[in-house]
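Counting with full-length UniProt numbering, you get residues 1 to 486 for the letters of the sequence shown. Using N, Cα and C, we set each Cβ at its ideal position, and we do this for glycine too. Keep in mind it's a predicted model, so treat the numbers as computed, not measured. Notes to accompany the following structure.
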Amino acid sequence: MAFPIFDGHVIGIISYNLSPRTPNSKEKNDDSPAPDDVNSDIIPSASMLKQLAIGVETTKVVKSMKDLMILAKDYSPVKERSGLSLSAMKSFVVGEKEDKFAAEFGCDEKVMSFIDLLTDPEGYLLRRKNRSRLDTPTRMTKLSKELHGAPPESFVPELAEAMGSLKTLRKMALFWSRVVAELRRLWCEGKHIPGIPLDDIPNLNSCLLHQQLQVINCCISRKRRRAIATASLDFVLKQANNIAELSHPPVDLLPESHHVYARISSGEFVLRLGADKQLENTTLLDTGEPVYTPVMQEWPLLTEDIIKETEEFVLRTGSVGAACSQLLSDMQAFKAANPGCILEDFVRWHSPPDWTEAYDESKETTGGDTSPSRGHLSTRMQKEGNLWRELWETAKPVPAVRQSPLYDEDLSVEGILHGLENFSPSSLFEQLFLSLDVQLLRPESRVMNFCTRCSKSAETMLSLFVKAKVGLRKPTIYARYMRRWP
1 MAFPIFDGHV IGIISYNLSP RTPNSKEKND DSPAPDDVNS DIIPSASMLK
51 QLAIGVETTK VVKSMKDLMI LAKDYSPVKE RSGLSLSAMK SFVVGEKEDK
101 FAAEFGCDEK VMSFIDLLTD PEGYLLRRKN RSRLDTPTRM TKLSKELHGA
151 PPESFVPELA EAMGSLKTLR KMALFWSRVV AELRRLWCEG KHIPGIPLDD
201 IPNLNSCLLH QQLQVINCCI SRKRRRAIAT ASLDFVLKQA NNIAELSHPP
251 VDLLPESHHV YARISSGEFV LRLGADKQLE NTTLLDTGEP VYTPVMQEWP
301 LLTEDIIKET EEFVLRTGSV GAACSQLLSD MQAFKAANPG CILEDFVRWH
351 SPPDWTEAYD ESKETTGGDT SPSRGHLSTR MQKEGNLWRE LWETAKPVPA
401 VRQSPLYDED LSVEGILHGL ENFSPSSLFE QLFLSLDVQL LRPESRVMNF
451 CTRCSKSAET MLSLFVKAKV GLRKPTIYAR YMRRWP
């Protein structure tokens, strides 16, 4: 199968000039930027954009990046070393220049820069901070959302520059396999992906690739938090066991430790488990003990494709099992944090509209405390067979860290990594293209300089620039790009 990909050795350098000067003009415009003003390290070249754009057009019939690597390979060492990580590749480049595979990537500065990002993120980010003295313009952030690309200065634009600097599909597919292998290594070692928020839910305004990388980082953060919470709970239980083994436990000190113990209706003191913080001016209806919000299980991390699948599943089956599981988990955590609580206590905290307070008018008349007495549940909560009441009766006092997880981080990340290995090449190249062209709106770029002198909007000039620079005969990628504008 033949792939008409751009090759720097065949196609000459594009010399499209956005300056409004005439060909015979010899005067230099004072407003035009000097060559040194354009930072080639952070402004993508036209060849990168064109390489990615043509990649979109020429790989539509290929189902996955794995298939692309098989179809486009032309020598056996690719297959023999398909399991090497980027770290290993870097060692080849540094120490074994005679190796054909290493030499193939060692001469490309953008690729090696991206490898540094993954193998030495702290050093790389420090060097990048020293190189770039400008903040990310608001226009660029807004544009990245409109194009459904990735935020500027994030992982994906860096990847786009590295991929766009490669000259053949075989190199692109091979490099992508190394990137996925390195992402898997970071996950297994519990290390965050550089250039991606550490603990943010997926940003649905960005491309799917950026969302999936956010999920990986967020899962790493969640696993760390769970380990800390588990260790904390074990410590509390160990202390409680030590006190219980004493012949004369310090019962007189227990009432002062509401955050650790709670007195139930029988008069016993029971250990609170998984309590987060105390609610102000709120006490349990039966025991009068302070109400504590529990540490709950975190909600599933949903990317745009998972949201779509979930919506289709609910519409097809009418299932609300996930919501019931979350509610049951919250009830169990609340019971563990508030020994002696009843359903009404949980409803007051979890669903205030379903609870009506009843105040003691005598206390209000005498100017006394107006704390609520026994109120009542809403009509729907009092109906026979109410789901909340049924779940409450089955719920056991179990803290969140001891419950069966509602969201399996390992399973989710493994699914993402498997999906990245089998990513559609056309979809991948399109996401990289859209994430990269936003870099053209940097203040120091020639596009922005021309916009300033010609009083044109950045968005208008960017669309003209991409069309002129990419210049495809059948610019499907450009048509999709233009349809994204409001």
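query, result
"Spatial neighbours of Arg224 in its chain, beta-carbon cut-off 8 Å, leaving aside the 5 residues before and after", "Gly190"
"Three-state secondary structure assigned by DSSP to Phe269", "strand"
"Rounded C-alpha distance that separates residue 493 from His350", "Because the chain is modelled from 1 through 486, residue 493 falls outside the range shown and cannot be assessed."
"Arg184 (DSSP reduced to helix, strand or coil)", "helix"
"Closest by C-alpha distance to Pro152, when choosing among Pro425, Gln382, His210", "His210"
"C-alpha distance - Leu117 paired with Leu159, whole-angstrom precision", "10 Å"
"Extent of the continuous beta strand (DSSP E) to which Ala160 belongs", "Looking at the DSSP string, Ala160 is not in any beta strand (DSSP E); the run it does join, the alpha helix (DSSP H), is 155-164."
"Proximity to Trp392 [Cα-Cα], best of Gln332, Thr310, Ala337, Trp176", "Gln332"
"Beta-carbon gap between residue 487 and Asn422 smaller than 8 Å", "Only positions 1 to 486 of the chain appear in the structure, and residue 487 is not among them; the question remains open."
"Best match in Leu285, Arg226, Glu304, Gly55 for proximity to Asn203 [C-alpha to C-alpha]", "Glu304"
"Cut-off 6 Å between Cβ atoms - residues of its own chain near Asp330, not counting five sequence neighbours on either side", "Met296"
"C-alpha distance - Ile216 paired with Leu271, whole-angstrom precision", "35 Å"
"Buried versus exposed call for Val347 [16 or more other C-beta atoms within 10 Å across all chains shown]", "buried"
"Beta-carbon separation (whole angstroms), Leu301 vs Cys218, contact threshold 8 Å", "6 Å"
"For Asp67 and Glu311, the rounded distance between their alpha carbons", "31 Å"
"Nearest candidate by alpha-carbon position, reference Ile196, set Ala181, Gln214, Val180", "Gln214"
"Residue closest to Arg402, alpha-carbon to alpha-carbon, out of Leu52, Thr356, Leu233, Thr168", "Leu233"
"Host alpha helix (DSSP H) of Gln431 (start-end)", "425-437"
"Thr282, enclosing beta strand (DSSP E) - first and last residue", "275-283"
"Identity of the residue in Pro425, Phe433, Ser435 nearest Phe174 by Cα", "According to the sequence as given, residue 174 is Leu; it is not Phe. Of the candidates Pro425, Phe433, Ser435, the one whose C-alpha sits nearest the C-alpha of Leu174 is Pro425."
"Short Cβ contact (8 Å threshold) for Pro294 with Phe269", "no"
"Proximity winner among Asp199, Gln212, Gly274, relative to Thr230 (alpha-carbon distances)", "Gly274"
"Whole-number beta carbon distance between Leu52 and Leu436, since they are thought to touch under 8 Å", "7 Å"
"Distance between beta carbons of Trp355 and Leu328, contact taken as under 8 Å", "Going by Cβ atoms, the distance from Leu328 to Trp355 rounds to 20 Å, so no, they are not a contact pair."
"Alpha carbon of Asn241 to alpha carbon of Ser404, nearest angstrom", "24 Å"
"Beta-carbon contacts of Gln326 that lie in its chain and below 7 Å, excluding the five residues immediately before and after", "Leu406"
"For Ala337, three-class secondary structure by DSSP", "helix"
"Anticipated Cβ contact below 8 Å, Arg184 with Ala72, distance rounded", "With a Cβ gap of about 22 Å, Arg184 and Ala72 do not count as contacting."
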